[in-house]
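Scroll down for the structure; my scribbles are underneath it.
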Amino acid sequence: MISKLYIGTNTKMYKTIADTVSYLEELKKLTADIDRNLIELFVIPSFTSLSRAKELVSDGSIKLGAQNMCWEDQGQFTGEISPVMLKEIGIDIIELGHSERRHIFGETDEQLNKKVIAALKHGFTPLLCIGETLEQKQLRISDECLSIQLKAGLNGISESDARKIWVAYEPVWAIGVNGIPASPEYADEKQGVIKKVLYDLFGETGSDIPVLYGGSVNPGNACELIKQPNIDGLFIGRSAWDAGNFNSIIRDVLPLFLSKKNLN
Ligand code: PGA
Numbered sequence: 013m014i015s016k017l018y019i020g021t022n023t024k025m026y027k028t029i030a031d032t033v034s035y036l037e038e039l040k041k042l043t044a045d046i047d048r049n050l051i052e053l054f055v056i057p058s059f060t061s062l063s064r065a066k067e068l069v070s071d072g073s074i075k076l077g078a079q080n081m082c083w084e085d086q087g088q089f090t091g092e093i094s095p096v097m098l099k100e101i102g103i104d105i106i107e108l109g110h111s112e113r114r115h116i117f118g119e120t121d122e123q124l125n126k127k128v129i130a131a132l133k134h135g136f137t138p139l140l141c142i143g144e145t146l147e148q149k150q151l152r153i154s155d156e157c158l159s160i161q162l163k164a165g166l167n168g169i170s171e172s173d174a175r176k177i178w179v180a181y182e183p184v185w186a187i188g189v190n191g192i193p194a195s196p197e198y199a200d201e202k203q204g205v206i207k208k209v210l211y212d213l214f215g216e217t218g219s220d221i222p223v224l225y226g227g228s229v230n231p232g233n234a235c236e237l238i239k240q241p242n243i244d245g246l247f248i249g250r251s252a253w254d255a256g257n258f259n260s261i262i263r264d265v266l267p268l269f270l271s272k273k274n275l276n
């Protein structure tokens, strides 16, 4: 059973090292009193910020992630970052397959599968992002697309390794400045589809994989989203990039999450 609220942000290609440092310092201070047995709070900043960021959150209060990773440990892969390099910094999570990686940089399910396997081999938590495009939604093939992205991306993963995986459902049409937020009901239905595929793949272990929702999460919709039975957490972009705003969202949704799970 999912007994913690998973909540985090990817700062994309925003925030310099200095920006990331002040953001993390503030977020750490603002959330210091929140029991970490109840939330898994994470931030995924730029690669250049990771070393400094790690120094700030070495107490584990905020988990740290990378926005991408190569599947090879080393080699002739100009411009790539290897798992060994990320391990050296001591980060926790590898975000894989964000919509911008898939759609701007052409990452495929096959490549993502290699990255998930490499992340697991090195002891990271892979956070696999999936989501249908607007066209796929209009063609009513969203469920099939989500199923393909999961089955291809998680191909060959053992049940015991599956325990370490997190999944984020981020409909492509819902992300970013031009995104239209998914209704809580729609998001919940698709999260249910994802949970069913995870169950088919990994049995009971699949039910323990947290499935987060992302895509235009904001202070106005976060509460309704987290109340949905199949939403285990939120993966937030713009609305979390101000530490004060992010802290407010966390405090709004945490009690709702806990009462949904009967944990309070
Ligand atoms: P957004 O970004 O919240 O700004 O839409 C979400 C994401 O890309 O993960």
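For the sequence shown, the numbering used here puts the final residue at 276, and the numbers step up evenly by one.
Backbone N, C-alpha and C fix where the C-beta goes; we use that ideal spot for every residue, glycine too.
Just mark I206 as buried or exposed, buried being the case when its beta carbon has 16 or more other beta carbons within 10 Å.
That one is buried.
DSSP three-state call for C82: helix, strand or coil?
Coil.
Would you say the beta carbon of G249 comes nearer than 7 Å to a heavy atom of ligand 1?
Yes; taking the cut-off as 7 Å, the Cβ of G249 has a heavy atom of ligand 1 nearer than that.
In angstroms, rounded to a whole number, what distance separates the CA positions of D173 and A131?
Cα to Cα, the separation comes out at about 10 Å.
If we ignore side chains and look at the alpha-carbon of each, how far apart do C141 and Q203 end up?
The alpha-carbon atoms of C141 and Q203 are separated by roughly 12 Å.
Taking contact to mean at least 3 C-beta pairs separated by less than 8 Å, is the segment 107–123 in contact with the segment 148–156?
Judged by Cβ distances under 8 Å, the segment 107–123 makes no contact with the segment 148–156, as fewer than three pairs qualify.
Less than 8 Å between the beta carbons of G118 and K66, yes or no?
Not closer than 8 Å, so no.
Any heavy atom of ligand 1 closer than 7 Å to the Cβ of V265?
The answer is no for V265.
Measure the beta-carbon distance from P241 to Y18 and round it to whole angstroms, keeping in mind my assumption that it falls under 8 Å.
That belief does not hold up - the Cβ atoms of P241 and Y18 are roughly 15 Å apart, past 8 Å.
Would you identify the three-state DSSP class for L280, choosing helix, strand or coil?
With the chain represented from 13 up to 276, any question about residue 280 goes unanswered, as that position is not in the structure.
Cα separation between K176 and V189?
Approximately 31 Å between the Cα atoms of the pair.
When DSSP labels each residue in this structure, what does Y18 get in the three-state scheme?
In this structure, Y18 counts as strand in the three-state DSSP scheme.
Does the segment 41–51 come close enough to the segment 87–104 to have 3 or more Cβ pairs within less than 8 Å?
No, the segment 41–51 does not touch the segment 87–104.
Please list the terminal residues of the continuous alpha helix (DSSP H) segment that includes E37.
29–42 is the span of the alpha helix (DSSP H), which, as asked, contains E37.
I need the boundaries of the beta strand (DSSP E) containing E52, first residue and last residue.
Element bounds for E52: 51–56.
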